[in-house]
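A.B. asks:
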């Protein structure tokens, strides 16, 4: 009777003892217990079962001659910077990256640590920015997060505006126990994804990172980088509500977002204000789109707004009559058939975040 091999999170494969010592040191720092193999036989045996394969550059060429089945999660590690052919050889086995030590130790260490969070996730990340004061970006961000969570999409919403009213007040989670931004301001380097999610308050499964009522008014960019990275590793969708003025912390979120939605009311003054933001946002946002909010007091159409800002139109937005009152009462409820809920659903559909709707 055959028995299946135990699944090791990390496989270290090299016959180079000095390289192996370096790799074991990095694994220990990441609190990872690896499977160690020093020859092709052992490498081939665990090739398909490890979450991450770290192969020494000494084994790449002989292993390539065995014509292995391609798989994700393979990287090459070495210590010889003069071996320029290592990159070409790494491609022959489908390696995703080459790490040359000691220069790449920090990056490889993070890659090893990611296996503790169940491997690498590529969470869709939405950033929301108001084109002017009172545009409704926070309301739309909250609606998207709540709608996604109700669809069964593993979601986290992050309040990236220390001077805002607090996304937790809108969601009714301000009295819930759990961590807030002031508890995480010293975060740097790698933050555990599982620990972050477990520490945050949640509303019906939606993890919420907001601010408390303290006097803290600044968010270090290092904290945003580390916390957002952990959020992306533990989620399928991360929603970030950002201030209009892109400070260094906001820029960290913008460069790491899948899409940025600029929410703009359909009137001339709002468009003029939003136009001043488009240039700076384009410098850091990968995919910048506009959401045109109705009704248009100045007679502008959604298409007019998009053309004026030279941005693709993501959606039209109209608020339900009772949304503001419900948010003030902490009873935010973007109904799927309501105007706000429909817009939130449209944005999720644009990126294939159907969740339970696809079942």
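In the numbering used here, the protein residues as written are 3 to 361. Even glycine gets a Cβ: it sits at the ideal position worked out from N, Cα and C.
How is residue 319 classed by DSSP in three states: helix, strand or coil?
C.D. replies: Residue 319 sits at position 317 when you count from the first residue of the chain shown. Residue state, collapsed to three classes: strand.
A.B. asks: On a CA-only basis, which of 247, 353, 325 is nearest residue 141? Give me that one, please.
C.D. replies: As a position in the chain shown, residue 141 is number 139, starting the count at 1. Looking from the CA of residue 141, the closest CA among 247, 353, 325 belongs to 325.
A.B. asks: Are the Cβ atoms of residue 208 and residue 126 separated by less than 8 Å?
C.D. replies: As a first step, residue 208 is located in the chain shown; it is residue number 206 there, counting from the start. As a first step, residue 126 is located in the chain shown; it is residue number 124 there, counting from the start. No, they are not a contact pair.
A.B. asks: Go through the stretch 238–323 residue by residue and report every complete run of the alpha helix (DSSP H) that reaches 4 residues or more, in order.
C.D. replies: 250–257, 270–286, 304–311
A.B. asks: Which word fits residue 116, buried or exposed, when buried means at least 16 other C-beta atoms lie within 10 angstroms of its C-beta?
C.D. replies: Counted from its first residue, the chain shown places residue 116 at position 114. Result: buried.
A.B. asks: Over the uninterrupted alpha helix (DSSP H) stretch that includes residue 161, give me the two end residues.
C.D. replies: For the purposes of this step, residue 161 is identified with residue 159 of the chain shown, where counting begins at 1. Counting along the chain, residue 161 falls outside any alpha helix (DSSP H), though it belongs to the beta strand (DSSP E) covering 157–161.
A.B. asks: According to the neighbour-count rule (16 or more other Cβ atoms, all chains shown, within 10 Å of its Cβ), is residue 98 buried or exposed?
C.D. replies: Working through the chain shown from its first residue, we reach residue 98 at position 96. With fewer than 16 other Cβ atoms within 10 Å, it is exposed.
A.B. asks: Within this structure, are the beta carbons of residue 139 and residue 265 separated by less than 8 Å?
C.D. replies: As a first step, residue 139 must be located in the chain shown, where it is residue number 137. As a first step, residue 265 must be located in the chain shown, where it is residue number 263. Contact flag set, yes.
A.B. asks: Helix, strand or coil, according to DSSP, for residue 98 in the structure here?
C.D. replies: On the chain shown, position 96 is the one that residue 98 refers to. DSSP places residue 98 in coil when its eight states are reduced to three.
A.B. asks: Taking 8 Å as the limit between beta carbons, can you name the residues of its chain near residue 118, skipping five residues before and five after?
C.D. replies: Position 116 of the chain shown, counted from the start, is the residue given in the question as residue 118. Excluding positions up to five away in sequence, the list reads 11, 32, 33, 34, 194, 196.
A.B. asks: Taking one C-beta from the stretch 49–66 and one from the stretch 12–22 each time, how about it: are there three or more such pairs within less than 8 Å?
C.D. replies: Contact holds: three or more Cβ-Cβ distances are below 8 Å.
A.B. asks: Determine, using beta-carbon pairs with one atom in the stretch 65–77 and one in the stretch 90–110, whether at least three such pairs fall under 8 Å.
C.D. replies: yes
A.B. asks: Going by DSSP, name the residue or residues bridged to residue 209.
C.D. replies: Your numbering for residue 209 matches position 207 in the chain shown. DSSP lists 158, 204 as partners of residue 209.
A.B. asks: Quick check: what's the CA-CA separation for residue 334 versus residue 306?
C.D. replies: What you label residue 334 is simply residue 332 of the chain shown in a count that begins at 1. What you label residue 306 is simply residue 304 of the chain shown in a count that begins at 1. Each residue's Cα considered, the two are about 31 Å apart.
A.B. asks: How many angstroms separate the CA atom of residue 171 from the CA atom of residue 328?
C.D. replies: Position 169 of the chain shown, counting from 1, holds the residue named residue 171. Position 326 of the chain shown, counting from 1, holds the residue named residue 328. Residue 171 and residue 328: Cα-Cα distance of roughly 11 Å.
A.B. asks: What span of residues does the beta strand (DSSP E) with residue 126 cover, start to end?
C.D. replies: Against the chain shown, residue 126 aligns to sequence position 124. Residue 126: member of the beta strand (DSSP E) spanning 126–132, first to last residue.
A.B. asks: Throw me the rounded Cβ distance for the residue 255 and residue 226 pair, which I believe falls under 8 Å.
C.D. replies: Working through the chain shown from its first residue, we reach residue 255 at position 253. Working through the chain shown from its first residue, we reach residue 226 at position 224. Confirmed, about 6 Å.
A.B. asks: Can you tell me which of the three DSSP states residue 352 falls into?
C.D. replies: Position 350 of the chain shown, counted from the first residue, corresponds to residue 352. For residue 352, the secondary structure class from DSSP, reduced to helix, strand or coil, is helix.
A.B. asks: What is the residue span of the alpha helix (DSSP H) that residue 39 lies within?
C.D. replies: Here residue 39 corresponds to residue number 37 of the chain shown, with the count starting at 1. From DSSP, residue 39 is part of no alpha helix (DSSP H) but of the beta strand (DSSP E) over 37–39.
A.B. asks: Terminal residues of the continuous alpha helix (DSSP H) containing residue 143?
C.D. replies: Counting from one through the chain shown, the residue named residue 143 turns up at place 141. Per DSSP, residue 143 belongs to the alpha helix (DSSP H) from 139–152.
A.B. asks: Measure the CB-CB distance between residue 229 and residue 186 and report whether it falls below 8 Å.
C.D. replies: For this step, residue 229 is matched to residue 227 along the chain shown. For this step, residue 186 is matched to residue 184 along the chain shown. Cβ atoms of residue 229 and residue 186: closer than 8 Å.
A.B. asks: What is the rounded straight-line gap between the Cα of residue 311 and the Cα of residue 268?
C.D. replies: Taking the chain shown and counting its residues from 1, the one referred to as residue 311 is at position 309. Taking the chain shown and counting its residues from 1, the one referred to as residue 268 is at position 266. Going by the C-alpha atoms only, they are around 12 Å apart.
A.B. asks: In terms of alpha-carbon separation, which member of 146, 113, 111, 136 lies closest to residue 128?
C.D. replies: Indexing the chain shown from 1 puts residue 128 at position 126. Nearest of 146, 113, 111, 136 to residue 128, Cα basis: 146.
A.B. asks: Quick one: is the Cβ of residue 27 within less than 7 Å of any heavy atom of the ligand MG?
C.D. replies: Looking at this structure, you won't find the ligand MG or any other ligand, since it has none at all.
A.B. asks: Quick check on residue 80: does DSSP put it in helix, strand or coil?
C.D. replies: Translated into the one-based positions of the chain shown, residue 80 becomes position 78. Under the three-state reduction of DSSP output, residue 80 falls in the strand class.
A.B. asks: Assuming residue 181 is part of the beta strand (DSSP E), what are its boundary residues?
C.D. replies: Along the chain shown, read from residue 1 onward, the residue named residue 181 stands at position 179. Taken as a continuous stretch (DSSP letters only), residue 181 belongs to no beta strand (DSSP E), as it is neither H nor E.
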